[in-house]
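Taking the numbering used here, the leading residue of the sequence shown gets 461, the next gets one more, and so forth. Don't be surprised by glycine CBs; every beta carbon is placed ideally from N, CA and C. Only one structure is covered here, and it is reproduced in the block below.
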Amino acid sequence: MTAFTRFSDDKITEKGFVFAPDVSAIMDDSLISDPMANPFAGLRKGGVAVVNTTKPQASVLQGRDDVTVVRVDLTGKALRILGKPILSSGIAAAVARISGIKKEALLTALSEELGDIGLGADMVAKNVEFATTIYRELAPLKLNTEEVPTAEELVPLAVVVSDGGIEKVTNTGNSYARHTGNWRTFRPTIDYAKCTNCMICYAYCPESAMSVGEDGRVKIDYDNCKGCMICMTECPLKAVSQSREGGVQ
Ligand code: SF4
Ligand code: SF4
461 MTAFTRFSDD KITEKGFVFA PDVSAIMDDS LISDPMANPF AGLRKGGVAV VNTTKPQASV
521 LQGRDDVTVV RVDLTGKALR ILGKPILSSG IAAAVARISG IKKEALLTAL SEELGDIGLG
581 ADMVAKNVEF ATTIYRELAP LKLNTEEVPT AEELVPLAVV VSDGGIEKVT NTGNSYARHT
641 GNWRTFRPTI DYAKCTNCMI CYAYCPESAM SVGEDGRVKI DYDNCKGCMI CMTECPLKAV
701 SQSREGGVQ
């Protein structure tokens with residue numbers, strides 16, 4: 461597991477990876493069966509994994525019967541309340557709820573943070589509703605993990621400093637060989653009966669996830685398509701449709 465965020469009542473002096481978390485928030489259940497992501501690795505015995513999923517418990521657990529798994533359909537609720545698969549407020553609410561953070565503190569922090577980044581009042585209110593819905597649905601849990609050692613060490617990140625562009629972090633999870641299509645929420649499908657092979661979607665795809673097949677037709681590389689649906693927006697013939705991954709309606 462590679463994790464980057466932590467919170468504590470105490471001052472956090474270590475800057476670096478979290479190798480042995482008490483709580484793991486898994487926002488895409490396709491990562492569970494991905495050996496490179498392996499989001500249960502390092503999760504402490506007695507810890508809690510919150511998983512955004514519609515799958516049954518048995519297919520999520522992956523043999524980790526020493527942790528508590530909390531399943532919640534964040535994507536479905538985000539689509540219903542926000543109209544978009546943006547999960548941040550919901551996952552914050554889930555982690556806050558199971559770890560005993562008060563609802564008032566969560567909602568105040570959410571409103572302030574979202575207001576600070578310039579979100580309109582309507583969207584802030586919808587995010588508060590989303591968080592409240594998730595918070596209400598879950599119950600607080602007692603963490604039974606072993607004592608967490610106090611860390612004072614600063615962990616250096618392997619970073620290539622660029623000339624003008626953004627720095628490139630070369631640690632695990634940033635390889636060009638990493639397939640990026642497994643966290644897709646929506647799956648585009650081309651209707652070849654309507655498609656005229658104009659290549660507009662090919663030109664617009666920001667992930668270079670379109671190619672030309674042996675039959676000369678444009679095709680989607682599902683290993684790397686992130687489901688941004690720009691191809692659907694740009695197709696002049698409405699030949700691209702979207703469906704939710706995992707067969708969810
Ligand atoms: S959904 Fe986005 S990433 Fe996938 S093929 Fe269409 S434009 Fe490319
Ligand atoms: S933009 Fe539409 S019509 Fe053109 S190649 Fe893509 S899917 Fe086919």
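Query raised in the report: In three-state DSSP terms, what is residue 485?
Result: strand
Query raised in the report: Per DSSP, residue 650 is paired with what?
Result: 700
Report task. Count the CB pairs spanning the stretch 527-541 and the stretch 502-513 that are closer than 8 Å, and state whether there are at least three. Result -> yes
Query raised in the report: Taking any heavy atom of ligand 1 as the mark, which residues have a C-beta closer than 6 Å to it, listed down the chain?
Result: 648, 665, 667, 669, 670, 680, 685, 686, 687, 688, 689, 690 and 691
Requested in this report: Report yes if the C-beta of residue 699 is less than 7 Å from at least one heavy atom of ligand 2; otherwise report no.
Outcome: yes
Requested in this report: Over the uninterrupted beta strand (DSSP E) stretch that includes residue 531, give me the two end residues.
Outcome: 528-532
Query raised in the report: Where do the ends of the alpha helix (DSSP H) carrying residue 563 lie?
Result: 563-576
**Report entry** Distance CB(residue 574)-CB(residue 591) smaller than 8 Å
**Finding:** no
Query - Three-way DSSP call (helix, strand, coil) for residue 680 in this model - result: strand
Query - Pair within 8 Å by beta-carbon distance, residue 655 and residue 697 - result: yes
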